[in-house]
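Numbering (my numbering), first residue to last: 52 to 182.
Note that CB positions come from ideal geometry on N, CA and C, so glycine has one too.
The structure presented is a predicted model; accordingly, all values stated were derived computationally and were not measured.
Shown next, in structure tokens, is the structure this report addresses.
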């Protein structure tokens, strides 16, 4: 599978943020996530269900953004990457991510959310390249 473009990765992450990873296997229709899973399996010998491999990869990419700081925490909340928030509604996930920056969810959506998604996309590519 060819390496996806940055724009394709961002688009699929936007869909993932909207739909949530925990809501079944629908995300298998997102080619960038399938590519990410294949790369993780090939380069790290990751095993387990596809959703778990992708979730762990997203958690690792998020952690590498700023070592567990505000941007990493916002990614974890925004995408529901913690067990406690995995099944939260998208509005609740956005509210939690906004709270990290002490702003209202609507302000977060307009000012920060896209940058955070793009930063995650960048770190996904870096994670795969570093392997």
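Between which residues of its own chain and residue i is the CB-CB distance below 6 Å, once the five residues before and five after are set aside?
i           : result
residue 101 : 88
Can you find the residues in the same chain that come closer than 7 Å, C-beta to C-beta, to residue i, ignoring five residues on each side of it along the sequence?
i           : result
residue 109 : 130, 132
residue 55  : 82, 83, 86
residue 159 : 145, 148, 149, 152
residue 155 : 149
residue 69  : 141
Starting from the C-beta of residue i, find all residues in its chain whose C-beta is less than 8 Å away, skip the five residues before and the five after it, and write them out in chain order.
i           : result
residue 67  : 78, 81, 84, 130
residue 116 : 122, 123, 126, 170, 171, 174
residue 114 : 123
Between the Cα of residue i and the Cα atoms of the options, which residue gives the shortest distance?
i           : options            : result
residue 151 : 137, 120, 177      : 120
residue 60  : 147, 118, 181, 168 : 168
residue 139 : 105, 181, 71       : 71
residue 164 : 141, 99, 135, 94   : 141
I think residue i touches residue j, with their Cβ atoms under 8 Å apart; what is that distance to the nearest whole Å?
i           : j           : result
residue 178 : residue 111 : 6 Å
residue 137 : residue 73  : 4 Å
Ordered list of alpha helix (DSSP H) runs contained in the stretch 93-165, each at least 4 residues: Counting whole runs of 4 or more residues, the stretch 93-165 contains the alpha helix (DSSP H) stretches 101-117, 121-130, 141-151, 156-162.
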